[in-house]
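**Student:**
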Amino acid sequence: MAQNNTGSAKATSIETNDIAPIPAGERHGKAWHLFTVWSSPNLEFATIFIGALAVFAGLNVWQAILAVTLGNAIAAVTHGWFSSWGPRHGVPQMVISRSAFGLRGNILPAATSTLVAGIGWFAVNTTSGAFALTSLTNLPVAASVTIIILVQVIAAFIGHNFIQKFERYAFFYLVVVFAIVAVIIISQGKYDVNPTADFKWGAFSVGVALAYGYTQGWTAFAADFTRYLPANTSPRAVGLAAGLGNFTATTLLMSVGAIAWSGVVGEGLPTSVFAAALPSWLAVLTLLGIAVGSVSANVLNIYSGTMSFIAAGVKLGFKTRRAIMVVIAGVLGGGISYFAVEDNFRFIFELFLLTVGYWLAPWVSILVVDRLLRKGQDIDKLITEGAKHRSIGGPIAFVIATVVSVSLFAKAEMPTVQFYGALTGPGPENGDWTAAVGFVLAAAIYYVIYKATNKK
C-alpha cells in the first residue's frame, strides 16, 4: 500500500488518507481518548430501546438487564482486542480482515459491512434522531430526517480527526444528561418480580442476541479509530479503553430501557413516551441528547462503512475517494431512513439487530482463530493490495457457518413477515441461537481449513 503523507492533524482538515497505512509522522492521540470515542455513539436512544426490545421478547426487568449485560460483555471483549490491532498495522479493520479472507475473499465481509454500517445502521440511527428532533421541535419527520442526515454527512466527510474531536465534546453533554435520566428512570422502576420466575431460555437468547448484535456491530470498525495512534501505544491500554467505553455506555442505557419499558412508560412514539416520563426541562435536554447521540453514532457508521467499501477493492482514481463515498452512502442510507420512519420501527429495528449478529459472529470468530493460529506472525505483508494474498478458509467458513446457523436458528417476527429456522419457532420459549452457533461453527471450519492448507 502506498503511504500518504499529505494528511493533517487539524480537526477541520478533510482527511485524504483512506485505507493506506498511516505514516509515523501523522500518528497522534492517546489510548484513553477511545473511551469517549466509543461511549458517545452509544449514548443514544437506539441503545435505550434495545433494553425495551428485550422486555418485548418476554423477559422481566431483571432478566432483560442480565441478558443485555451478557451480550454487551461478549461483544466488548473482542471489540477491545480488535481495537488494539490498529496502532500496530495502521490500517482499517476491514483491511486487517484480509489476513483470514484474502484480498478477493475479503470482498464478502467488507461489502456486508458497508451495507450494514454505512447504509443500514445509518438509517436506523437517523430514524431515532429524527424522532427526537420532531418531538423537540414539532417539525415534520421528513424535515427532521433531512437535518440529521446533513449534519452526519458533513461530519463524516471531514474525516477521522474531526470525528474524534466531535465524539470527545459530545461525550460531556451526553454523559451528564443520560446520567440524570438514568437516576430518574431507575428511581421510578418497578422491580417487584422474581428474577428466576418463568425464565424462558428462548426469550433470554433473543435478549442476549439483540445486545450482542448492537455492540458487536462496532467491532467491524474497531481498528479504524485506533490506526492513527502511535505504533508503540500500549495494546492493553487501547483494548481496555475501547472495550470499556463500549460496554459501560451500552449496558447502562440498555438497562435504563429495560426498566423504562417494564412499567414506567406507556405506548406511542418511542422517543416521545420516554421523554414524557421525565421532568419537562429534562425531557427537552434528553431529546436534544438523543439527536446528538444519533449523530455521534452515525458519523462512525458512515465513515467506517465507506472504509469497508474501499477495502473491498473500490478504486475511484482520486485521493478524496473516501469523502466522496461518504456522500454516496449518506444518500443511500438517507433514502432508507425516510422509509423506516413510515413503517413499524420496533420490528424493523429488532430484525436488523438480529441479522447484524448473524454475519458478525462468524466473521469475528474467523479473525480470532486466524490471529491465534498465526501466533504473532507479521501479517502486514499479507494485507497489502500488492501481495494479492489468498485464503479460502475465511470465505468458506463464513458462508457455511452463516447459512447453516440462519437456516437452523434464525427467528424473524414482524407483522407481515415471519421466518423460523428448522430448530426454532414462535413464542418466547423458542430462541434465536444463530449468532452463537455461527461463531462456534465458523471457528471450527476455519481451524480445519487453515491447518489443512498451511502445512509446513
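Position in the sequence shown (first residue = 1) + 2 = my numbering. Each residue gets a CB set at the ideal place from its N, CA and C atoms; glycine is no exception. What you are looking at is a predicted structure, and each value in this text was computed from that prediction instead of being measured.
In its own chain, which residues sit with a C-beta less than 8 Å from the C-beta of residue 343, not counting the 5 before and 5 after it?
**Tutor:** In this prediction, residue 343 has a pLDDT of 48, which is less than 50 and means its spatial position is unreliable; nothing more can be read from the coordinates.
**Student:** Just checking, does the region 47–65 make contact with the region 289–299 on the three C-beta pairs under 8 Å criterion?
**Tutor:** yes
**Student:** Taking only the alpha-carbon atoms, compute the straight-line gap between residue 99 and residue 398 and give it to the nearest angstrom.
**Tutor:** 14 Å
**Student:** By the 10 Å Cβ neighbour count, where 16 or more other Cβ atoms means buried, how is residue 123 classified, buried or exposed?
**Tutor:** Residue 123 counts as buried, since no fewer than 16 other beta carbons sit within 10 angstroms of its beta carbon.
**Student:** Exposed or buried, what is residue 231 when buried is set at 16 or more other beta-carbons lying within 10 Å of its beta-carbon?
**Tutor:** buried
**Student:** Please list the terminal residues of the continuous alpha helix (DSSP H) segment that includes residue 59.
**Tutor:** Counting along the chain, residue 59 falls outside any alpha helix (DSSP H), and DSSP gives it neither H nor E.
**Student:** Classify residue 202 as helix, strand or coil using the three-state DSSP reduction.
**Tutor:** coil
**Student:** Leaving out five residues on either side along the sequence, give the residues of the same chain with a beta carbon under 6 Å from the beta carbon of residue 310.
**Tutor:** 96, 112, 115 and 116
**Student:** List the DSSP bridge partners of residue 457.
**Tutor:** BP columns for residue 457 are empty, so no partner.
**Student:** Within the region 128–168, note down every full alpha helix (DSSP H) run reaching 4 residues or more, in order along the chain.
**Tutor:** 143–160
**Student:** Apart from the five residues on each side of it in sequence, which residues of its chain come closer than 8 Å, Cβ to Cβ, to residue 368?
**Tutor:** The beta carbon of residue 368 is closer than 8 Å to those of 102, 103, 395, 396, 399, 400, 444, 445 and 448 in its chain, skipping five residues each way along the sequence.
**Student:** Keeping to the same chain, check which residues put their C-beta closer than 6 Å to that of residue 363; ignore five residues upstream and five downstream.
**Tutor:** 437, 440 and 441
**Student:** Which term fits residue 107, buried or exposed, when burial requires 16 or more other beta carbons within 10 angstroms of its beta carbon?
**Tutor:** buried
**Student:** Verify whether the separation of the beta carbon atoms of residue 208 and residue 380 is less than 7 Å.
**Tutor:** no
**Student:** Give every residue of the same chain whose Cβ lies closer than 6 Å to the Cβ of residue 455, excluding the five residues on either side of it in the sequence, and list them in chain order.
**Tutor:** none
**Student:** Where does the unbroken alpha helix (DSSP H) through residue 249 begin, and where does it stop?
**Tutor:** 237–261
**Student:** Roughly how many angstroms lie between the CA atoms of residue 86 and residue 217, to the nearest whole one?
**Tutor:** Looking at the two C-alpha atoms, the distance is approximately 17 Å.
**Student:** Taking residue 460 as the reference, give the member of 43, 262, 54 and 34 with the closest Cα.
**Tutor:** In the structure as shown, the chain starts at 3 and stops at 458, and residue 460 therefore has no counterpart that could be examined.
**Student:** Considering only C-alpha positions, which residue in the set 30, 451, 31 and 74 is nearest to residue 253?
**Tutor:** 74
**Student:** Hey, out of 249, 402, 426 and 419, whose CA is closest to residue 412's CA?
**Tutor:** 426
**Student:** In angstroms with no decimal places, state the Cα-to-Cα distance between residue 125 and residue 387.
**Tutor:** 31 Å
**Student:** Cβ of residue 301 within 7 Å of Cβ of residue 157?
**Tutor:** yes
**Student:** Could you tell me the boundaries of the alpha helix (DSSP H) in which residue 103 lies?
**Tutor:** 100–103
**Student:** For residue 365, which residues in the same chain have their Cβ closer than 7 Å to its Cβ, ignoring the five residues on either side in sequence?
**Tutor:** 111 and 400
**Student:** Please determine, among 191, 243, 249 and 190, the residue with the shortest C-alpha to C-alpha distance to residue 214.
**Tutor:** 249
**Student:** Residue 431: which of 257, 285, 200 and 154 sits nearest, CA to CA?
**Tutor:** 200
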